[in-house]
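Data block below; observations after.
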């Protein structure tokens with residue numbers, strides 16, 4: 001590398017901190033992955049022939065279990081009218097070409113997670129031992145290619161859609177491990193929550209923009225346009241990622257010497273590590289804080305996917321919003337969620353840096369917010385009935401509160417074992433993928449022939465129970481302290497950071 005290139009990179013690094021270039025690019029990358037994941041949830045509303053499906057449902061259905069659960073309240077179950085009365089009904093019936101039953105719809109929405117389930121652990125190994133940068137590029141690239149191919153293959157047979165969704169899931173499974181590895185290499189301890197939140201809040205931004213854009217595109221130019229337009233726009237990111245981002249500060253050209261020294265000295269990575277330590281599997285699987293994260297992650301994802309995947313269907317089928325209104329209202333909460341998440345992370349980082357709270361308290365406080373408030377909102381939603389905009393407001397509060405998870409358990413892997421952050425998030429996210437498979441199938445089963453508020457009360461009730469389990473488990477067993485097994489392969493006298501010591505003092509202790 002020439003001295004001229006280094007000098008130019010140093011100047012650029014002084015103008016724009018390289019770690020925040022990474023955070024912003026990572027956030028956009030996560031937005032693409034999540035946007036391309038969730039677009040089917042909105043597009044499917046326009047893809048389905050609702051008239052034909054309703055006709056099939058008129059036939060007798062052997063559905064004794066769900067009928068028994070709802071029959072006692074059958075006379076009390078409200079059937080909602082469209083908001084604003086009959087004048088709000090669109091003149092044209094919003095029918096698409098596909099007559100897919102609810103169980104098949106559930107399969108099409110959940111098959112993404114089949115690929116997601118199997119790819120995370122092996123790709124986390126690649127990210128930790130070779131290059132997280134290129135793993136993240138792979139994650140986005142395979143999603144873009146499969147999205148562009150979706151209309152043609154879906155028109156041929158729904159098996160083509162299943163194949164594309166599974167492959168997108170394989171790519172999507174790489175995103176969290178890759179970004180966790182990069183956060184562990186780039187984020188100073190006093191900025192870890194803010195950087196993690198900036199990156200992972202991209203999942204919310206991508207969700208919101210995808211829901212909004214998919215609704216507009218499908219309503220005006222047909223469901224195929226959702227996949228063509230969103231896939232094409234995502235190609236720009238890949239070129240910028242290759243040019244602007246590197247695996248760690250020591251490899252980055254566009255960074256000032258001061259920023260590189262600040263990051264590497266705070267993380268103890270001034271010198272290049274020749275070999276990444278092997279994962280101490282036995283100690284990981286015996287770690288109570290790790291299991292607290294895994295249980296919290298799994299329970300939270302059940303609620304998250306409920307909001308992410310199923311709420312558009314609830315709004316369409318129960319509250320009777322049309323496609324355009326459905327998309328706009330479904331996307332609405334994610335924008336304040338982004339603001340709330342970043343503000344909360346900055347507050348917690350500041351209090352932690354000043355020694356006012358420990359990492360453990362910060363993580364537990366954030367996780368409490370993202371469990372208790374959504375659970376209360378779902379409870380209210382069970383009994384708010386057909387008051388359309390009040391229901392949307394309650395849902396919005398719940399979704400905004402879930403943004404606290406980015407500062408809670410979702411970044412906790414980096415606290416307890418930064419050397420193995422990619423592997424740990426792959427493990428917990430693999431378990432947390434199961435709700436992604438279960439939720440659409442569960443909702444499809446419960447609502448098959450029962451598209452009413454009574455059926456959704458069962459769905460929301462199960463979700464509330466899991467939120468309570470998440471809250472109790474993490475508050476009791478969670479920890480923000482670095483675990484001794486993180487130093488596997490290091491000298492026996494290597495110090496382990498005490499989470500009660502202010503981070504600025506820890507960094508000072510590490511300097512000669």
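Residue numbers (the UniProt record's numbering): 1 to 512.
Even glycine gets a Cβ: it sits at the ideal position worked out from N, Cα and C.
Check: Residues near residue 299 by beta carbon distance below 7 angstroms, same chain, minus five either side; Outcome: 466, 467, 469, 470
Check: Residues of its chain near residue 408, where Cβ-Cβ distance is below 7 angstroms and the 5 sequence neighbours each way are ignored; Outcome: 363, 366, 367, 370
Check: Residue span of the alpha helix (DSSP H) that contains residue 260, given as start and end; Outcome: 257-267
Check: Beta-carbon gap between residue 193 and residue 346 smaller than 9 angstroms; Outcome: yes
Check: Extent of the continuous alpha helix (DSSP H) run through residue 37; Outcome: 18-47
Check: 8 angstroms contact criterion, which residue 169 and residue 227 should meet: CB distance rounded; Outcome: Not confirmed; about 16 angstroms, so no contact.
Check: Cβ separation of residue 143 and residue 33, assumed to be a contact under 8 angstroms, to the nearest whole Å; Outcome: 6 angstroms
Check: Counterpart residues of residue 98 in DSSP-defined beta bridges; Outcome: 48
Check: Limits of the alpha helix (DSSP H) - the one that residue 288 falls within; Outcome: 288-305
Check: Buried or exposed by the 16-neighbour rule on C-beta atoms within 10 Å, applied to residue 285; Outcome: exposed
Check: Coarse secondary structure for residue 514, derived from DSSP in three states; Outcome: Outside the shown range of the chain, which is 1 to 512, sits residue 514, and nothing can be said about it.
Check: Distance between residue 341 and residue 513 (C-alpha atoms, nearest Å); Outcome: Only positions 1 to 512 of the chain appear in the structure, and residue 513 is not among them; the question remains open.
Check: Reference residue 148; option with closest CA among 133, 36, 308; Outcome: 36
Check: Residue 357, DSSP secondary structure in three states; Outcome: coil
Check: Residue 517 versus residue 304 - alpha carbon distance; Outcome: No statement about residue 517 is possible, as the shown extent of the chain runs from 1 to 512 and does not include it.
Check: Residue nearest to residue 163 in terms of C-alpha spacing, selected from 423, 222, 206, 146; Outcome: 146
Check: Secondary structure of residue 279, DSSP reduced to three states; Outcome: coil
Check: Cα-Cα separation, residue 390 to residue 102; Outcome: 27 angstroms
Check: CB contact flag (residue 378, residue 464, <9 angstroms); Outcome: yes
Check: Of the listed residues 207, 442, 474, 16, nearest to residue 334 (C-alpha basis); Outcome: 207
Check: Straight-line Cα distance separating residue 387 from residue 393; Outcome: 10 angstroms
Check: Same chain, Cβ closer than 6 angstroms to residue 422, neighbours up to 5 away in sequence not counted; Outcome: 124, 127, 128, 177, 180, 181
Check: CB contact flag (residue 108, residue 22, <9 angstroms); Outcome: no
Check: Reduced DSSP secondary structure (H/G/I, E/B, other) of residue 248; Outcome: coil
Check: With 16 other Cβ atoms within 10 Å as the buried cut-off, status of residue 258; Outcome: exposed
Check: Residues of its chain near residue 200, where Cβ-Cβ distance is below 7 angstroms and the 5 sequence neighbours each way are ignored; Outcome: 30, 406, 410
Check: Unbroken stretches of the alpha helix (DSSP H), 4 residues or longer, contained in the region 448-479; Outcome: 453-477
Check: Cβ separation of residue 189 and residue 485, assumed to be a contact under 8 angstroms, to the nearest whole Å; Outcome: Rounded, the Cβ-Cβ distance is 19 angstroms, inconsistent with contact.
Check: Inter-residue Cα distance where the pair is residue 546 and residue 223; Outcome: The first residue shown for the chain is 1 and the last is 512, placing residue 546 beyond what the model contains.
Check: Every unbroken alpha helix (DSSP H) inside the region 132-213 [4 residues or more]; Outcome: 132-156, 158-172, 175-186, 192-200
Check: Residue 268 beta carbon near the ligand ADP (any heavy atom closer than 8 angstroms); Outcome: The model depicted lacks the ligand ADP and carries no ligand whatsoever.
Check: For residue 332, three-class secondary structure by DSSP; Outcome: coil
Check: Residues of its chain near residue 383, where Cβ-Cβ distance is below 7 angstroms and the 5 sequence neighbours each way are ignored; Outcome: none
Check: Residue environment, residue 261, which counts as buried when at least 16 other CB atoms sit within 10 Å; Outcome: exposed
Check: Nearest-angstrom beta carbon gap, residue 25 and residue 216 [assumed within contact, 8 angstroms]; Outcome: Their Cβ separation, rounded to whole angstroms, is 26 angstroms, which puts residue 216 and residue 25 out of contact at 8 angstroms.
Check: Status (buried if at least 16 other CB within 10 Å, exposed otherwise) for residue 348; Outcome: buried
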